[in-house]
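Encoded as structure tokens, the structure appears first; notes follow it.
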Amino acid sequence: MRMYDIIMKKRNGFELTKEEIEFFVKGYTAGSIPDYQASALMMAVFFKKMTKKETLYLTLAMKNSGDVLDLSGIKGIKVDKHSTGGVGDKTSLTLTPLVASLGIIVAKMSGRGLGHTGGTIDKLESFKGFSTAISTEQFIKNVNEIGIAIMGQTKNLAPADKKLYALRDVTATVDNMSLIASSIMSKKLAAGADAIVLDVKCGSGAFMKTYDDALALATEMVDIGNNAGKKTIAVISDMDQPLGCCVGNALEVKEAIETLKGNGPEDFKKLCMTLGAQMLIAGEKCGDEEEAYEKLEEAISSGKALDKLASFVKAQGGDESAVYNTDLLPKASITEEILLDEEGYVKHIACDEVGISSLMLGGGRETLDSVIDLSVGIEILKKKGDKVGKGEPIAIIHANDKDKLKAASERLKKAYEITPEKVEKEALIKNIIK
Ligand code: URA
2 MRMYDIIMKK RNGFELTKEE IEFFVKGYTA GSIPDYQASA LMMAVFFKKM TKKETLYLTL
62 AMKNSGDVLD LSGIKGIKVD KHSTGGVGDK TSLTLTPLVA SLGIIVAKMS GRGLGHTGGT
122 IDKLESFKGF STAISTEQFI KNVNEIGIAI MGQTKNLAPA DKKLYALRDV TATVDNMSLI
182 ASSIMSKKLA AGADAIVLDV KCGSGAFMKT YDDALALATE MVDIGNNAGK KTIAVISDMD
242 QPLGCCVGNA LEVKEAIETL KGNGPEDFKK LCMTLGAQML IAGEKCGDEE EAYEKLEEAI
302 SSGKALDKLA SFVKAQGGDE SAVYNTDLLP KASITEEILL DEEGYVKHIA CDEVGISSLM
362 LGGGRETLDS VIDLSVGIEI LKKKGDKVGK GEPIAIIHAN DKDKLKAASE RLKKAYEITP
422 EKVEKEALIK NIIK
């Protein structure tokens, strides 16, 4: 078999066989297939797409490209959660300690930022000393002791996805349904949880721009998970504007903490409650959604969920005092209010552009080896449907570099569309697929 022929076959729009997909995954993981051929195949898949069968074969080949975690040493139902990625999506930071404080066993594998979207690991590194590079033994020990641990994708867990994820990030081949479904599900299946709750984003800040595409992705992932014997549920949520009000690593950590204190933005809290309820039900801690919501509210008002975040941060080497005093998180040296020339109502926010603006400030990666600045980002003051009066800022930029600030603020301004007419707000939760 030759990689050249496989690229040509996909480029010409034909369905690849299981053997061809396995040949590619094995060869790329081992290093015998170079990045440039893998990039060419990813671009061919982007344009010609993959069938359901090809997507399944790619998922299984990537899952089997390394270790499959055995979490049988952890008692109880392990529930994993994963988002398809969005702008301002700090959900795992709030949700995982929230459900862990209610007895859900969180043994989670997270990723770094991808494209214009942020990643949980980068955000968690805002806690001084925090590390997700822990051994499987430490991971299992932490889960057994405090009920929650998050680790980075170990070198040997779905290593094919680890390489491809980084390659797709810099070759404009992220937003393809089959590549996203196989990337997420290969890791989730290899990570050994018993149940999986997926947050599938749709809108201008998501990889899936339309509801129909998000529904197709959700259905594909739920099918893959259920066929592999894992109870899988997908919530389809709006990402046509940033989630909550903060975009950027440390800013998002602060917002996640505020939400655990009961002071978070409504939309973000709603998403955490919806996903949390599904996790509690999947983990058999609650019979129905009503009971789940009550328990989630109590975990926030009692401070139990916030304390769980502090124990989790401490157990992974981080400075847990920042959970109680967010002034200890990284802070940018410059803040600037952003004003528009127009007045009216916010009609649309090109959400991916907000993500790119934050990336331009240094909050995300431009290349494979970029070092990110955890302190920079954007506070969104005006969201869809909000009125923008004369002289009212739409956002505050947090930056450390004047040139980057200028470029990012120009880009951010263009992301906003203002209209004189009143605008309806979008529903945040679009559907739940079981
Ligand atoms: N998240 C992933 O893990 N993989 C993707 O391809 C996109 C989002």
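For the sequence shown, the numbering used here gives the first residue as 2, with consecutive numbering after it. For each residue, glycine too, the CB sits at the ideal point set by N, CA and C. These numbers come from a predicted model, not from an experiment.
- By the CB criterion at 8 Å, L297 and G319 fall outside the cutoff.
- In the three-state reduction of the DSSP assignment, M240 falls in the coil class, being assigned neither a helical nor a strand state.
- CA-CA distance, V198 to D71, rounds to 19 Å.
- Counted as a single uninterrupted DSSP element, the stretch harbouring M44 is not any beta strand (DSSP E) but the alpha helix (DSSP H) occupying residues 36 to 49.
- Only buried fits N177, as 16 or more other CB atoms lie within 10 angstroms of its CB.
- DSSP, read as helix, strand or coil, puts V347 in strand.
- F47 has its Cβ no nearer than 7 Å to any heavy atom of the ligand URA.
- Residues of the same chain with a CB within less than 8 Å of the CB of A311, apart from the 5 flanking positions on each side, are E321, V324, Y325 in chain order.
- Taking a contact as a CB-CB distance under 8 Å, the pair S102 and A283 does not count as one, their CB atoms being some 17 Å apart.
- Spanning the alpha carbons of G364 and N157 requires a straight line of approximately 27 Å.
- Boundaries of the beta strand (DSSP E) harbouring K109: 107 to 111, taken from the DSSP string.
- Along the length of the region 239 to 311, whole alpha helix (DSSP H) runs at least 4 residues long occupy 250 to 261, 267 to 283, 290 to 302, reported in chain order.
- Per DSSP, reduced to three states, the secondary structure at D176 is coil, with no helix or strand assignment.
- Residue environment for R169: buried (at least 16 other C-beta atoms within 10 angstroms of its C-beta).
- Excluding the 5 residues flanking it on each side, S205 has same chain C-beta neighbours closer than 6 Å at D241, A351, C352, D353, in chain order.
- Remark: the C-beta of I185 is in contact range of the ligand URA, defined as less than 7 Å to any heavy atom.
- Put simply, the backbone Cα of V46 is about 7 Å away from that of R12.
- Residue pairing for T420: DSSP places it in a beta bridge opposite Y346.
- Taking 7 Å as the cut-off, one finds at least one heavy atom of the ligand URA near enough to the beta carbon of L115.
- In this structure, the beta-carbon distance from D195 to K231 falls below 8 Å.
- The straight-line gap separating the alpha-carbon atoms of E20 and V389 is approximately 57 Å.
- Taking the Cα of K431 as reference, the smallest distance to any Cα among D387, S334, Q317, T211 is reached at T211.
- DSSP, read as helix, strand or coil, puts A161 in helix.
- For the 8 Å CB-CB criterion, M51 and T174 do not form a contact.
- C-alpha of I258 to C-alpha of K332: approximately 16 Å in a straight line.
- Taking 8 Å as the cut-off, the beta carbon of T336 is found no closer than this to the beta carbon of I381.
- Per DSSP, the beta bridge partners of I430 are S238.
- Here S334 is not near A416, since their CB atoms are 8 Å or more apart.
- Contact annotation, L190 with K64: C-beta distance approximately 5 Å; criterion of less than 8 Å satisfied.
- Secondary structure remark: continuous alpha helix (DSSP H) runs of at least 4 residues inside the region 111 to 170, in chain order: 121 to 125, 137 to 147, 160 to 170.
- For G378, the enclosing beta strand (DSSP E) begins and ends at 378 to 381.
- Rounded to the nearest angstrom, the gap between the Cα atoms of F24 and G32 is 12 Å.
- With respect to F131, V372 sits apart: the two C-beta atoms are not nearer than 8 Å.
- Separation of the CB atoms of I106 and V80 is rounded to 7 Å, and the pair is thereby assigned contact status at 8 Å.
- Note that the C-beta distance between N401 and D370 is not below 8 Å.
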